[in-house]
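A.B. asks:
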Amino acid sequence: MNTVEFTPDLTTGTSEYVMSQRVLNSRSIRQPYELYSAENQEAWRKLYSRMEPQWERFATEVFMEGRHKLDLRTDAVPRLSDVNLRLAKLTGFRAEPVSGYIPALNFFDALSRREFPTTITVRPMSSLDYTSEPDIFHDVAGHVPMHTHPDFATVLRRFGACAHTAAELCAGIPNHREATRRVKSIVRGLARAFWFTVEFGLMKSHDGLRAYGSGLLSSYGELQHALASPMVHRAPFQLEWALHTHIDYDRFQCLLFVIDSFDQLFTEVERLERWMKEGRLDNLTGGEPQISDMEAEPFLSAADLVLPHSA
Ligand SMILES: [Fe+2]
30 MNTVEFTPDL
40 TTGTSEYVMS
50 QRVLNSRSIR
60 QPYELYSAEN
70 QEAWRKLYSR
80 MEPQWERFAT
90 EVFMEGRHKL
100 DLRTDAVPRL
110 SDVNLRLAKL
120 TGFRAEPVSG
130 YIPALNFFDA
140 LSRREFPTTI
150 TVRPMSSLDY
160 TSEPDIFHDV
170 AGHVPMHTHP
180 DFATVLRRFG
190 ACAHTAAELC
200 AGIPNHREAT
210 RRVKSIVRGL
220 ARAFWFTVEF
230 GLMKSHDGLR
240 AYGSGLLSSY
250 GELQHALASP
260 MVHRAPFQLE
270 WALHTHIDYD
280 RFQCLLFVID
290 SFDQLFTEVE
300 RLERWMKEGR
310 LDNLTGGEPQ
320 ISDMEAEPFL
330 SAADLVLPHS
340 A
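Residue numbering for the sequence shown follows the numbering used here, starting at 30 and increasing by one per position.
Encoded structure:
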């Protein structure tokens with residue numbers, strides 16, 4: 030059995046501080062900035078500086094403007110308090126530090142409240158190209174610039190509202206087994222729709238296709254591959270395809286969806302919610318993501334969830 034050697038810094042997978050918060054079951058934590066080591070800062074600098082030319086070529090304009098508005102720096106890990114001060118004036122979104130994985134319902138519920146669960150650790154220098162867990166580079170350099178745009182922020186809140194709708198629908202099913210089966214299918218659909226848009230979406234621009242998905246924008250290897258490789262199918266976004274396509278986490282994506290605008294994306298998320306209500310998400314193709322009983326259960330007992338104000 031592998032034993033983890035804990036480190037006093039904020040390195041992904043080994044940080045003593047983060048592990049101690051997980052043991053305490055504290056999902057919401059602070060960002061103890063003084064714990065970033067010289068190596069953590071060096072990893073951020075390297076990750077950021079090598080992405081800059083890639084972003085120039087392949088990132089959507091909204092992302093580039095968002096970076097500028099947030100004044101994200103190459104030379105140091107950002108302080109979330111600074112990022113949030115700037116975000117507050119733009120869309121009211123906040124990057125909320127968390128200790129790690131957040132169950133689906135909590136994640137989407139946070140979005141509906143304009144909160145984005147944000148990892149504070151930095152991947153180790155030895156694995157800059159791949160991190161099995163999200164890190165602050167993925168969350169802050171990849172996601173947060175998009176949160177500066179009001180239309181995109183509205184889309185995120187709409188995804189959050191969809192999770193509330195799923196909980197309301199499934200809470201009304203008397204047969205627990207049937208309710209669990211349906212909620213697993215619906216959450217799989219919600220996760221796939223999110224994956225093929227917010228994480229891996231492409232968008233048309235006057236300069237050709239550009240990436241707005243954060244999984245692409247935080248990946249040195251995959252961003253160029255997504256937009257330039259003949260090995261990738263780039264198809265106009267079609268919700269039923271996204272819902273029935275299983276996610277492959279272990280390789281570069283071979284199918285990506287293209288949208289025209291964030292207005293279109295908002296319409297698609299509205300459609301997702303409508304289909305959910307019509308039962309069209311109750312029987313989706315199996316495969317990834319697998320939704321566990323633990324993940325499904327909160328949707329069935331979510332009566333105490335604070336419902337979002339309408340967007
Ligand atoms: Fe992400």
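Every residue, glycine too, gets a C-beta built ideally from N, C-alpha and C.
A quick note: this is a predicted structure, and the numbers were derived from the prediction, not measured.
Classify Thr314 as buried or exposed, calling it buried when 16 or more other Cβ atoms lie within 10 Å of its own Cβ.
C.D. replies: For the purposes of this step, residue 314 is identified with residue 285 of the sequence shown, where counting begins at 1. Thr314 is exposed by the Cβ-count criterion.
A.B. asks: In chain order, what residues of the same chain lie with their CB nearer than 7 Å to the CB of Thr36, ignoring the 5 residues before and after it?
C.D. replies: Translated into positions along the sequence shown, residue 36 becomes position 7. Hits under 7 Å: Thr43, Ser44, Glu45.
A.B. asks: Say yes only if the C-beta of Glu228 is nearer than 7 Å to one or more non-hydrogen atoms of ligand 1, and no if none qualify.
C.D. replies: For the purposes of this step, residue 228 is taken as residue 199 along the sequence shown, with counting starting at 1. Yes, the Cβ of Glu228 comes within 7 Å of a heavy atom of ligand 1.
A.B. asks: From which residue to which residue does the alpha helix (DSSP H) around Gly129 run?
C.D. replies: Locating residue 129 in the sequence shown gives position 100, where the first residue counts as 1. Unbroken run through Gly129: none, as it is neither H nor E.
A.B. asks: In angstroms with no decimal places, state the Cα-to-Cα distance between Phe188 and Leu329.
C.D. replies: For this step, residue 188 is matched to residue 159 along the sequence shown. For this step, residue 329 is matched to residue 300 along the sequence shown. Their Cα atoms are separated by approximately 18 Å.
A.B. asks: With burial defined as no fewer than 16 other Cβ atoms inside 10 Å of the residue's Cβ, what is the status of Lys172: buried or exposed?
C.D. replies: The residue labelled residue 172 in the question sits at position 143 within the sequence shown. One point to set straight first is that residue 172 is His, not Lys, in the sequence displayed. Label assigned to His172: buried.
A.B. asks: For ligand 1, I want to know if Pro82 counts as a neighbour, meaning its beta carbon is within less than 7 Å of at least one of the ligand's heavy atoms.
C.D. replies: Working through the sequence shown from its first residue, we reach residue 82 at position 53. Pro82: no, Cβ never under 7 Å from ligand 1.
A.B. asks: Quick one: Cα of Asn54 to Cα of Glu94, how far?
C.D. replies: By 1-based counting over the sequence shown, the position of residue 54 is 25. By 1-based counting over the sequence shown, the position of residue 94 is 65. Using only the alpha carbons, I get a separation of about 37 Å.
A.B. asks: What are the partner residues of Glu90, as DSSP defines its beta bridges?
C.D. replies: If you number the sequence shown from 1, residue 90 lands on position 61. Partner(s): none; Glu90 has no beta bridge.
A.B. asks: Anyone know if the C-beta pair for Val184 and Phe291 falls short of 8 Å?
C.D. replies: Position 155 of the sequence shown, counted from the start, is the residue given in the question as residue 184. Position 262 of the sequence shown, counted from the start, is the residue given in the question as residue 291. Taking 8 Å as the Cβ cut-off, Val184 and Phe291 qualify as a contacting pair.
A.B. asks: So, at 6 Å on beta carbons, what are the nonlocal neighbours of Glu269 in its own chain, with the 5 sequence-adjacent residues on each side left out?
C.D. replies: In the sequence shown, counting from the first residue as 1, residue 269 sits at position 240. Correct list: empty, nothing qualifies.
A.B. asks: Just reading off the beta strand (DSSP E) that Met232 is part of, what are its end residues?
C.D. replies: To locate residue 232, count along the sequence shown from 1; it is residue 203. Taken as a continuous stretch (DSSP letters only), the beta strand (DSSP E) holding Met232 covers 231-234.
A.B. asks: Rounding to the nearest angstrom, what Cα-Cα distance links Ser49 and Asn69 in this structure?
C.D. replies: Numbered from 1 along the sequence shown, position 20 holds the residue referred to as residue 49. Numbered from 1 along the sequence shown, position 40 holds the residue referred to as residue 69. If you take the alpha carbons of Ser49 and Asn69, they lie about 19 Å apart.
A.B. asks: Give, in chain order, every unbroken run of the alpha helix (DSSP H) that is at least 4 residues long and sits entirely within the stretch 39-125.
C.D. replies: Runs found: 45-52, 67-87, 90-99, 109-119.
A.B. asks: Which residue's Cα is closest to the Cα of Asp38: Arg51, Glu81, Pro203, Glu63?
C.D. replies: Taking the sequence shown and counting its residues from 1, the one referred to as residue 38 is at position 9. Asp38 has its Cα closest to that of Glu63, out of Arg51, Glu81, Pro203, Glu63.
A.B. asks: Over what stretch of residues does the alpha helix (DSSP H) that includes Leu246 continue unbroken?
C.D. replies: Mapped onto the sequence shown, residue 246 falls at position 217. 243-246 is the span of the alpha helix (DSSP H), which, as asked, contains Leu246.
A.B. asks: Taking 8 Å as the threshold (C-beta atoms), are Ser214 and Asn312 in contact?
C.D. replies: The residue you call residue 312 lines up with position 283 of the sequence shown. The residue you call residue 214 lines up with position 185 of the sequence shown. Going by C-beta atoms, Asn312 is nearer than 8 Å to Ser214.
A.B. asks: Let me know if Pro265 comes out buried or exposed under the rule of 16 or more other beta-carbons within 10 Å of its beta-carbon.
C.D. replies: Residue 265 sits at position 236 when you count from the first residue of the sequence shown. Its Cβ having fewer than 16 others within 10 Å, Pro265 is exposed.
A.B. asks: With H, G and I counted as helix, E and B as strand and the rest as coil, what does DSSP make of Leu336?
C.D. replies: Residue mapping note: residue 336 aligns to position 307 of the sequence shown, counting from 1. Caution is warranted here: a pLDDT of 46 is assigned to Leu336, below 50, making its placement in the model unreliable, and the coordinate value is therefore given only provisionally. Coil at Leu336, not helix or strand.
A.B. asks: Among all the DSSP beta bridges, which residues are the ones paired with Phe145?
C.D. replies: Taking the sequence shown and counting its residues from 1, the one referred to as residue 145 is at position 116. The partner list for Phe145 (beta bridge, DSSP) reads Ala124.
A.B. asks: Residues in the same chain with beta-carbon distance under 6 Å from Ala133, minus the five sequence neighbours each way, listed in chain order, please.
C.D. replies: Taking the sequence shown and counting its residues from 1, one reaches residue 133 at position 104. Contacts found: Val216, Glu324.
A.B. asks: Please determine whether the Cβ atom of Gly244 lies at a distance below 7 Å from any heavy atom of ligand 1.
C.D. replies: Taking the first residue of the sequence shown as 1, we reach residue 244 at position 215. Yes, since a heavy atom of ligand 1 falls inside the 7 Å radius drawn around the Cβ of Gly244.
A.B. asks: Looking only at C-alpha atoms, which of Ile165, Lys306, Tyr130, Ala88 sits nearest to Ile202?
C.D. replies: Indexing the sequence shown from 1 puts residue 202 at position 173. When each option's Cα is compared against that of Ile202, the closest is Lys306.
A.B. asks: Counting C-beta neighbours from all protein chains within 10 Å, is the total for Cys283 16 or more, i.e. buried, or is it exposed?
C.D. replies: Along the sequence shown, read from residue 1 onward, the residue named residue 283 stands at position 254. Exposed is the call here.
A.B. asks: Where does Thr103 land, buried or exposed, given buried means 16+ other C-beta within 10 angstroms?
C.D. replies: What you label residue 103 is simply residue 74 of the sequence shown in a count that begins at 1. Classification of Thr103: exposed, given that the 10 Å Cβ count is below 16.
A.B. asks: State yes or no: is the C-beta of Gly244 within less than 8 Å of the C-beta of Phe229?
C.D. replies: Translated into the one-based positions of the sequence shown, residue 244 becomes position 215. Translated into the one-based positions of the sequence shown, residue 229 becomes position 200. Taking 8 Å as the Cβ cut-off, Gly244 and Phe229 qualify as a contacting pair.
A.B. asks: Per DSSP, which one or two residues make a beta bridge with Phe286?
C.D. replies: For this step, residue 286 is matched to residue 257 along the sequence shown. Paired residues: Ala264.
A.B. asks: Is it the case that the Cβ atoms of Leu116 and Phe122 are separated by a distance below 8 Å?
C.D. replies: Here the question's residue 116 lines up with position 87 in the sequence shown. Here the question's residue 122 lines up with position 93 in the sequence shown. Yes.
A.B. asks: Please state whether DSSP places Gly250 in a helix, a strand or coil.
C.D. replies: For the purposes of this step, residue 250 is identified with residue 221 of the sequence shown, where counting begins at 1. If DSSP states are grouped into helix, strand and coil, Gly250 belongs with the helices.
A.B. asks: On the DSSP letters alone, give me the boundaries of the alpha helix (DSSP H) that Arg221 sits inside.
C.D. replies: Residue numbering aside, residue 221 sits at position 192 when the sequence shown is read from its first letter. Element bounds for Arg221: 205-223.
A.B. asks: I'd like to know if the stretch 291-300 and the stretch 172-181 are in contact, where contact means that at least 3 CB-CB pairs between them fall below 8 Å.
C.D. replies: Yes: at least three Cβ pairs fall under 8 Å.
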